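Asks: I'd like to ask some things about the structure below.
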Amino acid sequence: MRALDVSILAYAANRYAPEHARAAAVVEELANGTAPWALPWSVAEEFLHLVTHPHAVGRPLGPADAWGFVERLLESPSLHLLGATEAHARTLTEVLASLPSGAGLPAGFETAVLLREHGLRELLSADRGMRRFPFLVVRDPVHGEGWSPAEAPARRYRVLRPRPVR
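End of the sequence shown = 166 in the working numbering, gap-free, step of one.
Listed below in C-alpha coordinates is the structure:
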(Lines of atoms letter the chains of each structure in order from A; the text may use other names.)
(Lines give C-alpha, C1' and ligand atoms only; values in the text may rest on other atoms or scores of the structure.)
Protein backbone atom coordinates (compact mmCIF):
# COMPACT_ATOMS: atom_id res chain seq x y z
CA MET A 1 0.00 0.00 0.00
CA ARG A 2 1.20 3.51 -0.76
CA ALA A 3 0.38 6.76 0.98
CA LEU A 4 -0.10 10.28 -0.34
CA ASP A 5 1.67 13.33 1.02
CA VAL A 6 0.37 16.89 1.21
CA SER A 7 2.51 18.08 -1.71
CA ILE A 8 0.71 15.81 -4.19
CA LEU A 9 -2.71 16.81 -2.83
CA ALA A 10 -1.86 20.52 -2.99
CA TYR A 11 -0.69 20.26 -6.61
CA ALA A 12 -3.79 18.25 -7.50
CA ALA A 13 -6.08 20.90 -6.00
CA ASN A 14 -4.26 23.90 -7.51
CA ARG A 15 -5.19 23.97 -11.18
CA TYR A 16 -2.79 26.89 -11.74
CA ALA A 17 0.28 24.93 -10.64
CA PRO A 18 2.46 23.55 -13.46
CA GLU A 19 2.42 20.20 -11.62
CA HIS A 20 -1.38 20.07 -11.49
CA ALA A 21 -2.06 17.68 -14.38
CA ARG A 22 0.32 14.98 -13.19
CA ALA A 23 -0.68 15.28 -9.53
CA ALA A 24 -4.39 15.25 -10.36
CA ALA A 25 -3.92 12.12 -12.49
CA VAL A 26 -2.19 10.34 -9.60
CA VAL A 27 -4.87 11.33 -7.08
CA GLU A 28 -7.71 10.39 -9.44
CA GLU A 29 -6.14 7.02 -10.24
CA LEU A 30 -5.78 6.20 -6.55
CA ALA A 31 -9.20 7.50 -5.53
CA ASN A 32 -11.03 5.76 -8.38
CA GLY A 33 -8.93 2.61 -8.47
CA THR A 34 -9.18 -0.65 -6.60
CA ALA A 35 -5.63 -0.76 -5.22
CA PRO A 36 -5.50 0.13 -1.52
CA TRP A 37 -3.91 3.46 -0.66
CA ALA A 38 -3.52 5.47 2.51
CA LEU A 39 -4.04 9.02 3.67
CA PRO A 40 -2.68 10.00 7.09
CA TRP A 41 -4.94 12.41 8.97
CA SER A 42 -1.88 14.63 9.43
CA VAL A 43 -1.70 15.03 5.64
CA ALA A 44 -5.39 15.94 5.35
CA GLU A 45 -5.03 18.54 8.10
CA GLU A 46 -1.80 19.98 6.69
CA PHE A 47 -3.47 20.18 3.27
CA LEU A 48 -6.33 22.22 4.75
CA HIS A 49 -3.87 24.57 6.42
CA LEU A 50 -1.69 24.96 3.33
CA VAL A 51 -4.27 25.55 0.59
CA THR A 52 -6.34 28.02 2.65
CA HIS A 53 -3.38 30.15 3.76
CA PRO A 54 -3.12 33.40 1.77
CA HIS A 55 0.67 33.57 2.07
CA ALA A 56 1.32 29.92 1.17
CA VAL A 57 -0.45 29.80 -2.20
CA GLY A 58 -1.21 32.40 -4.84
CA ARG A 59 -4.91 31.59 -4.97
CA PRO A 60 -6.02 30.13 -1.64
CA LEU A 61 -9.14 28.02 -1.37
CA GLY A 62 -11.88 28.78 1.08
CA PRO A 63 -12.07 26.34 3.99
CA ALA A 64 -15.29 24.78 2.68
CA ASP A 65 -13.78 24.19 -0.78
CA ALA A 66 -10.62 22.70 0.70
CA TRP A 67 -12.63 20.39 2.96
CA GLY A 68 -14.82 19.44 -0.02
CA PHE A 69 -11.70 18.25 -1.85
CA VAL A 70 -10.75 16.07 1.14
CA GLU A 71 -14.32 14.79 1.51
CA ARG A 72 -14.31 13.52 -2.08
CA LEU A 73 -11.12 11.59 -1.29
CA LEU A 74 -12.72 10.11 1.83
CA GLU A 75 -15.42 8.57 -0.39
CA SER A 76 -12.86 6.31 -2.10
CA PRO A 77 -13.61 2.67 -1.20
CA SER A 78 -9.92 1.76 -1.47
CA LEU A 79 -8.76 4.48 0.97
CA HIS A 80 -7.31 3.62 4.39
CA LEU A 81 -7.20 6.56 6.80
CA LEU A 82 -4.23 6.51 9.14
CA GLY A 83 -4.50 7.86 12.64
CA ALA A 84 -2.71 7.37 15.92
CA THR A 85 -3.05 3.97 17.61
CA GLU A 86 -2.03 2.65 21.01
CA ALA A 87 1.48 2.18 19.60
CA HIS A 88 1.83 5.87 18.73
CA ALA A 89 4.03 6.91 21.65
CA ARG A 90 6.42 3.98 21.14
CA THR A 91 6.64 4.65 17.40
CA LEU A 92 7.20 8.35 17.96
CA THR A 93 10.09 7.52 20.29
CA GLU A 94 11.63 5.21 17.64
CA VAL A 95 11.42 7.87 14.93
CA LEU A 96 12.87 10.52 17.27
CA ALA A 97 15.80 8.20 17.99
CA SER A 98 16.49 7.81 14.26
CA LEU A 99 16.91 11.57 13.73
CA PRO A 100 20.20 13.40 14.16
CA SER A 101 20.61 14.96 17.59
CA GLY A 102 20.70 18.71 17.96
CA ALA A 103 18.39 19.37 15.04
CA GLY A 104 14.77 20.42 15.19
CA LEU A 105 12.02 18.15 14.01
CA PRO A 106 11.82 18.11 10.22
CA ALA A 107 8.66 18.99 8.34
CA GLY A 108 6.53 15.92 7.80
CA PHE A 109 7.53 14.36 11.11
CA GLU A 110 3.92 13.64 12.10
CA THR A 111 3.23 11.95 8.78
CA ALA A 112 6.40 9.86 8.99
CA VAL A 113 5.42 8.66 12.49
CA LEU A 114 1.96 7.61 11.31
CA LEU A 115 3.37 5.78 8.30
CA ARG A 116 5.86 3.91 10.47
CA GLU A 117 3.18 3.12 13.03
CA HIS A 118 1.00 1.51 10.35
CA GLY A 119 3.88 -0.29 8.66
CA LEU A 120 3.75 1.67 5.40
CA ARG A 121 6.98 2.24 3.55
CA GLU A 122 5.98 3.83 0.24
CA LEU A 123 5.09 7.52 0.13
CA LEU A 124 4.13 9.51 -2.95
CA SER A 125 5.50 12.98 -2.34
CA ALA A 126 7.07 15.91 -4.17
CA ASP A 127 8.73 16.94 -0.89
CA ARG A 128 12.37 15.88 -1.00
CA GLY A 129 12.60 16.43 2.75
CA MET A 130 10.58 13.27 3.36
CA ARG A 131 13.63 11.30 2.20
CA ARG A 132 15.24 12.11 5.57
CA PHE A 133 13.31 9.26 7.09
CA PRO A 134 15.31 6.12 6.25
CA PHE A 135 12.36 3.77 6.67
CA LEU A 136 10.40 5.47 3.85
CA VAL A 137 10.65 4.87 0.13
CA VAL A 138 9.66 8.23 -1.33
CA ARG A 139 8.56 8.44 -4.95
CA ASP A 140 7.85 11.72 -6.73
CA PRO A 141 5.27 11.07 -9.46
CA VAL A 142 4.98 14.79 -10.26
CA HIS A 143 8.59 15.47 -11.19
CA GLY A 144 9.31 12.33 -13.14
CA GLU A 145 9.73 9.37 -10.80
CA GLY A 146 7.32 6.58 -11.55
CA TRP A 147 4.93 5.58 -8.82
CA SER A 148 3.93 2.24 -10.31
CA PRO A 149 5.29 0.12 -13.14
CA ALA A 150 2.32 1.07 -15.33
CA GLU A 151 2.75 4.79 -14.67
CA ALA A 152 6.53 5.10 -14.81
CA PRO A 153 7.12 7.82 -17.38
CA ALA A 154 9.85 7.34 -19.92
CA ARG A 155 12.41 10.08 -19.63
CA ARG A 156 12.77 11.94 -22.85
CA TYR A 157 15.46 14.49 -23.37
CA ARG A 158 15.67 16.96 -26.16
CA VAL A 159 18.70 16.32 -28.28
CA LEU A 160 20.55 19.51 -28.99
CA ARG A 161 22.33 19.56 -32.29
CA PRO A 162 25.05 22.06 -33.06
CA ARG A 163 24.01 24.94 -35.25
CA PRO A 164 25.30 24.74 -38.77
CA VAL A 165 28.26 27.00 -39.36
CA ARG A 166 27.54 29.71 -41.90
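Even glycine gets a Cβ: it sits at the ideal position worked out from N, Cα and C.
Just so we're clear, the structure is a prediction, and the values are computed from it rather than from any experiment.
Assign Thr111 to one of two classes, buried (16 or more other C-beta atoms within 10 Å of its C-beta) or exposed (fewer than that).
Replies: Position 111 of the sequence shown, counting from 1, holds the residue named residue 111. Flag for Thr111 reads buried.
Asks: Let me know the secondary structure DSSP gives Glu45 once reduced to three states.
Replies: The residue labelled residue 45 in the question sits at position 45 within the sequence shown. Note: Glu45 maps to helix in three-state DSSP.
Asks: Taking all protein chains shown into account, do 16 or more other C-beta atoms lie within 10 angstroms of the C-beta of Ser125, making it buried, or fewer, making it exposed?
Replies: Along the sequence shown, read from residue 1 onward, the residue named residue 125 stands at position 125. Buried, by the Cβ-count rule.
Asks: Would a C-beta distance cut-off of 8 Å place Leu30 and Leu61 closer than the cut-off?
Replies: Within the sequence shown, numbered from 1, the residue matching residue 30 stands at position 30. Within the sequence shown, numbered from 1, the residue matching residue 61 stands at position 61. No, Cβ-Cβ distance for Leu30 and Leu61 is not below 8 Å.
Asks: To the nearest angstrom, report how far apart Ala56 and Leu105 are at their CA atoms.
Replies: By 1-based counting over the sequence shown, the position of residue 56 is 56. By 1-based counting over the sequence shown, the position of residue 105 is 105. Each residue's Cα considered, the two are about 20 Å apart.
Asks: Assuming Leu136 and Leu123 make a contact with CB atoms under 8 Å, what is their CB distance in whole Å?
Replies: Translated into positions along the sequence shown, residue 136 becomes position 136. Translated into positions along the sequence shown, residue 123 becomes position 123. Indeed they touch by this definition, with Cβ atoms about 5 Å apart.
Asks: Whose CA, out of Trp37, Arg15, Val70, Thr34, lies closest to the CA of Glu46?
Replies: The residue given as residue 46 occupies position 46 in the sequence shown. The candidate whose alpha carbon is nearest that of Glu46 is Val70.
Asks: Based on Cα-Cα distance, which residue from His53, Glu75, Gly83 lies nearest to Arg116?
Replies: For the purposes of this step, residue 116 is identified with residue 116 of the sequence shown, where counting begins at 1. Ranking the options by Cα distance to Arg116, first place goes to Gly83.
Asks: Determine which residues share a DSSP beta bridge with Val174 and list them.
Replies: As shown, the chain starts at 1 and ends at 166. That puts residue 174 outside it, with no answer to give.
Asks: Given a cut-off of 8 Å on the beta-carbon distance, is the pair Ala23 and Val142 in contact?
Replies: Taking the sequence shown and counting its residues from 1, the one referred to as residue 23 is at position 23. Taking the sequence shown and counting its residues from 1, the one referred to as residue 142 is at position 142. In this structure, Val142 lies closer than 8 Å to Ala23 by Cβ.
Asks: Strictly by DSSP, which residues pair up with Pro40?
Replies: Position 40 of the sequence shown, counted from the first residue, corresponds to residue 40. For Pro40, which the question treats as bridged, DSSP gives the partners Leu82.
Asks: Among all the DSSP beta bridges, which residues are the ones paired with Ala3?
Replies: On the sequence shown, residue 3 is found 3 positions in, with the first residue counted as 1. In the DSSP output, where bridge partners are listed per residue, Ala3 has Ala38, Leu123.
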